[in-house]
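Quick note: to get my numbering, add 177 to the position in the sequence shown (first position is 1).
Everything on this sheet refers to the single structure shown next.
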Amino acid sequence: MSARTAPASRPRAACFTPGTRIATPCGEREVETLREGDRIITRDAGIQEICWVGQKRLTHADLVAAPELRPVLIRQGALGYGLPERDTLVSPNHRMLMTMDTRTRYLPEREMLVPAIELCAGPGAAQVEALGMTYIHLMFDCHQMILSNGTWSESFQPSADGMAALNGSQRDEITRLFPGLAGAGPLRDGARFAAARPVLTRGREHDRVH
178 MSARTAPASR PRAACFTPGT RIATPCGERE VETLREGDRI ITRDAGIQEI CWVGQKRLTH
238 ADLVAAPELR PVLIRQGALG YGLPERDTLV SPNHRMLMTM DTRTRYLPER EMLVPAIELC
298 AGPGAAQVEA LGMTYIHLMF DCHQMILSNG TWSESFQPSA DGMAALNGSQ RDEITRLFPG
358 LAGAGPLRDG ARFAAARPVL TRGREHDRVH
């Protein structure tokens, strides 16, 4: 079922916000208009269908109580080469693809996924206040990178943290689609949903990204 909504919760997942334009074979579409079965351009696997769409709605009171959930604003051009093509709001844990030839001077790997919150240490990105926020998850049959406002970033990854950010009915929907995700473990269903690129984390040279 499309666009189920999760209540506010502390665990963080990677999500887009309304108005973000996602590249499809027929042109860009605003993320909130996408549904299961829609075809999306991916970096590694060509055109792929969305398997699941979910939403997480946060009120102003939710964001005051849990300020770590406030969105990160990435300004147009902040990632280099004019990217993103327009100001972009994402959840703080949403990971952007960074390469040695974008804004970075150093990365442990040639391409890495960097949480948006880590970009706030450099110019052009900051966590911002919001009166409320809807976070939107797009999930494929494996972890993908998709074009959002002209720059590559991740789809929803059903890791332990990602699944914990959902409500029970959303988790049930996903495990019905992918029974291998049922049960415990940091990376259920193993390699199928492993991160599409290495992830830059605190303690792994993150202070040298900018």
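Glycine is no exception: its CB is placed at the ideal position from the N, C-alpha and C atoms.
All figures in this text were calculated on a predicted structure; none of them were measured in a lab.
query, result
"With distances taken Cα to Cα, identify the nearest neighbour of residue 293 among 285, 225, 328.", "328"
"Locate the alpha helix (DSSP H) running through residue 347, then write down its first and last residues.", "345-354"
"Go through the segment 182-231 residue by residue and report every complete run of the beta strand (DSSP E) that reaches 3 residues or more, in order.", "198-201, 204-207, 216-219, 223-226"
"Applying the 10 Å Cβ sphere with the 16-neighbour rule, what's the burial state of residue 224?", "exposed"
"For residue 258, is the classification buried or exposed, using 16 other Cβ atoms within 10 angstroms of its Cβ as the cut-off for buried?", "exposed"
"Starting from residue 288, follow the alpha helix (DSSP H) in both directions and report where the run begins and ends.", "Premise fails: residue 288 lies in the beta strand (DSSP E), 288-292, not in any alpha helix (DSSP H)."
"Based on the DSSP output, what are the partners of residue 309 in its beta bridges?", "236"
"Taking the straight line between their C-alpha atoms, what separation do you get for residue 298 and residue 345?", "35 Å"
"Measuring only the C-alpha atoms, how far is residue 350 from residue 273?", "26 Å"
"Consult DSSP for residue 272 and reduce its assignment to one of helix, strand or coil.", "strand"
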